[in-house]
Amino acid sequence: MLAQQRQAIIAERVRRDGAVRVSELVVEFGVSDMTIRRDLEQLAERGLVAKVHGGATAVDIGATDEPGFAAKSVQQKAEKEAIARAAAGLVKPSTAIALSGGTTTWTLAHHLLSVPGLTVVTNSVPVADVFYRSGRADQTVILTGGIRTPSDALVGPFAVASLATINVDALFLGVHGFSARSGFTTPNIAESETDRAMVASARRLIVLADHSKWEMVGIRTIADLGQADVLVTDDGLPEAARGELRDQVGELIVADTQ
């Protein structure tokens with residue numbers, strides 16, 4: 001088993017049970033004490049667990065906690081890169097797409113700079129900046145108005161109003177968390193309204209979410225799992241979760257991080 005897969009299982013166990021012991025994980029995975037401690041250190045660095053003597057406990061993340069863009073941009077970088085590469089393959093030249101706020105959609109934006117004739121609607125200041133700096137004359141970027149969130153997204157009635165009459169071929173939606181019970185969620189109520197307006201404007205809903213967001217729940221649901229035409233995630237997602245998602249989303253794409 002790869003370290004990434006083992007860490008994903010450990011993180012899920014901590015979220016479910018509230019805590020894990022090093023001694024129990026050593027027996028379960030058949031690896032050394034040092035290997036498990038290294039796994040827990042890496043998970044703690046990513047903010048997924050809190051290290052304690054002899055093990056780890058769940059991090060107390062509230063349904064309304066919203067990390068800033070800079071903090072999120074350094075988390076799960078390999079996973080986001082793999083997801084972005086896979087998602088970029090779904091974008092055809094001369095189409096109109098929407099990109100929501102978030103660091104995964106920002107990563108995707110870099111992979112779309114070579115797509116000719118693209119029209120991009122976004123409420124993300126960093127995403128708009130990626131296209132602005134590229135300077136391609138054949139790409140059009142429409143940035144909504146609105147109030148800026150900690151994740152550098154523009155939200156609120158101005159953003160919603162600007163999206164009301166726009167129609168795009170596909171929306172690439174970044175989310176705070178996703179679960180079978182709550183669907184795709186956000187910790188920001190105002191952002192949920194803007195994201196819902198984006199969903200309504202798109203013929204296809206393509207959600208980008210790395211494995212660490214599984215079973216993470218924000219205060220407001222953006223869309224149910226069944227509304228996603230495509231969900232792009234990474235190979236750190238446990239097999240049980242993959243099976244559950246395949247039963248609900250239109251198509252599940254698991255990006256290889258290796």
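For the sequence shown, UniProt numbering assigns the number 1 to the initial residue and increments by one for each residue that follows. Just so it is clear, CB atoms sit at the ideal spot from N, CA and C, and this is done for glycine as well.
**OP:** Put residue 124 into one of helix, strand or coil per three-state DSSP.
**Re:** If DSSP states are grouped into helix, strand and coil, residue 124 belongs with the strands.
Original post:
First and last residue of the alpha helix (DSSP H) that includes residue 189?
Top reply: First-last of the alpha helix (DSSP H) with residue 189: 189-201.
Original post:
If we cut at 9 Å on Cβ distances, does residue 166 have a partner in chain D?
Top reply: Given the protein chain composition of this structure (a single chain), no chain D is represented.
Subject >> Test item: CB-CB of residue 168 and residue 194 under 9 Å >> reply: No, the Cβ-Cβ distance between residue 168 and residue 194 is not below 9 Å.
Subject >> Status (buried if at least 16 other CB within 10 Å, exposed otherwise) for residue 189 >> reply: By the neighbour-count criterion, in which 16 or more other beta carbons inside 10 Å mark a residue as buried, residue 189 falls on the exposed side.
Subject >> Spatial neighbours of residue 7 in its chain, beta-carbon cut-off 7 Å, leaving aside the 5 residues before and after >> reply: The residues are 39, 42, 43.
Original post:
Bridge partners of residue 331, per DSSP?
Top reply: Missing from the structure shown is residue 331; the chain here goes from 1 to 258 and no further.
**OP:** Output the distance between the C-alpha atoms of residue 32 and residue 210, rounded to the nearest integer angstrom.
**Re:** Between residue 32 and residue 210, the alpha-carbon positions lie close to 27 Å from each other.
**OP:** Go ahead and pull the three-state DSSP assignment for residue 92.
**Re:** Note: residue 92 maps to coil in three-state DSSP.
Subject >> DSSP beta-bridge partners of residue 55 >> reply: DSSP lists 21, 52 as the bridge partner or partners of residue 55.
Original post:
What does a CB cutoff of less than 6 Å around residue 51 pick up in its chain, not counting 5 residues either side in sequence?
Top reply: Residues of the same chain with a CB within less than 6 Å of the CB of residue 51, apart from the 5 flanking positions on each side, are 40, 44 in chain order.
Original post:
By Cβ distance, which residues of its chain are closer than 7 Å to residue 4, with the 5 residues on each side in sequence left out?
Top reply: Cβ neighbours of residue 4 beyond the five flanking positions: 236, 257.
Original post:
Does the beta-carbon of residue 116 have 16 or more other beta-carbons within 10 angstroms, so that it is buried, or is it exposed?
Top reply: Label assigned to residue 116: exposed.
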